[in-house]
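**Q**
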Amino acid sequence: MSDAENYTAWRPAVRTALLAPTLGILLFTLIVFFISDGWTLEGALRRAAVVWLFTSGSSMQTDGATVGIIPLGVLVIQGGLTYFVAAWSLRGAPVDPRVFAPVAAGVAASIAAILAVVVSTDEITIPMFRAAAVTFLFVGSQAGLAALHRGKRVWFGMPRRWWPVAEGSAATLMLFFGVATLLLLLLLVTSLQDSANMWATLYPQGQGFLLGLFLILAFPTAVLWTGAVLLGTPVSLGGDAYVNLA
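In this text, residue positions in the sequence shown follow numbering that gives the first Met the number 0: the first is 0, and each later residue adds one.
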């Protein structure tokens with residue numbers, strides 16, 4: 000690839016790395032203002048930046064505890080936003096994913112590291128190196144997918160002889176997680192009363208909508224855990240509690 004083509008890939012990559020966190024933080028700022036009162040603009044932006052870093056895969060430390068697990072549904076939304084930003088940035092000629100994805104990931108990781116330092120307080124701390132590492136992987140993967148899709152490369156550009164293997168693997172995974180989803184839905188349907196009792200216990204005054212949204216976003220995580228249990232892998236629930244078929 001020529002230097003001119005590399006330069007062409009750099010510009011949309013930097014644009015993607017700048018727009019993805021900006022739009023994400025603006026979205027979470029609106030949510031912060033919506034769910035609570037009394038926030039200043041600075042406080043809302045700081046909290047929104049923390050949420051963006053956390054929902055991009057980073058962990059946070061608060062009150063001596065480390066929180067690192069978030070609903071997969073939130074990651075899907077974040078990933079979708081990053082993907083569409085990258086696709087919009089690539090609305091011109093196709094670029095080489097080997098240039099576009101690393102540049103977008105590197106710039107986004109630098110932004111995440113700076114944000115982690117700026118938003119960390121005595122109450123909430125975002126590990127800078129982890130924030131940079133997971134943002135590099137998160138943004139890089141979505142940018143790479145967008146570039147591959149823009150270039151109309153089937154199965155990530157792998158040789159045609161491997162397409163049947165990829166198609167078979169994808170079909171197997173879809174079938175497996177489909178079974179896990181049906182099993183989870185069956186368990187929920189057969190325990191509606193217990194679910195209603197739990198909802199009545201957890202229902203926060205004025206925040207029922209947000210709790211319901213959180214539970215919906217956590218559903219993919221529950222499907223993944225169900226699949227892990229079906230494979231015989233114990234799922235830790237914290238402390239000495241875990242779920243296992245054995």
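For glycine and all other residues, C-beta sits at the position ideal for the given N, C-alpha and C.
Could you compute how far the alpha carbon of E4 sits from the alpha carbon of I24?
**A** Annotation note: pLDDT 49 at E4 (below 50); position unreliable, coordinate value reported separately. About 31 Å.
**Q** How about F135 and A169: are their beta carbons less than 7 Å apart?
**A** Going by C-beta atoms, F135 is not nearer than 7 Å to A169.
**Q** Rounding to the nearest angstrom, what Cα-Cα distance links L185 and S119 in this structure?
**A** Their Cα atoms are separated by approximately 42 Å.
**Q** Does the region 94-108 come within contact of the region 5-19, defined as at least 3 CB pairs closer than 8 Å?
**A** Verdict: yes, contact present.
**Q** Have a look at T41 and M59 and give me their C-alpha separation to the nearest angstrom.
**A** For the record, residue 41 in the displayed sequence is Glu; it is not Thr. Approximately 20 Å, taken between the alpha carbons.
**Q** Just to confirm my understanding: we take I141, look at its own chain, exclude 5 residues before and 5 after, and list those with CB closer than 7 Å. What are they?
**A** The amino acid occupying residue 141 in the given sequence is Gln; Ile does not appear at that position. Only G78, T81, Y82, A85 meet the Cβ criterion.
**Q** Taking contact to mean 3 or more Cβ pairs, one atom from each stretch, closer than 8 Å, check whether the region 171-188 and the region 209-226 are in contact.
**A** Short answer: they touch.
**Q** At which residues does the beta strand (DSSP E) containing T65 begin and terminate?
**A** Segment 64-66, the beta strand (DSSP E) holding T65.
**Q** Do L216 and G72 have their C-beta atoms within less than 7 Å of each other?
**A** Yes, the Cβ-Cβ distance between L216 and G72 is below 7 Å.
**Q** Whose C-beta lies closer than 7 Å to the C-beta of L144 among residues of the same chain, with five residues either side of it excluded?
**A** The answer, listed in chain order, is Y82.
**Q** Beta-carbon within less than 7 Å of V31's beta-carbon, same chain only, minus the 5 sequence neighbours each way: which residues are those?
**A** Closer than 7 Å at Cβ, skipping near neighbours: W38, A43, R46, A47.
**Q** Relative to the C-alpha of P20, which candidate in L147, L29, A107, I34 has its C-alpha closest?
**A** The shortest C-alpha separation from P20 is found at A107.
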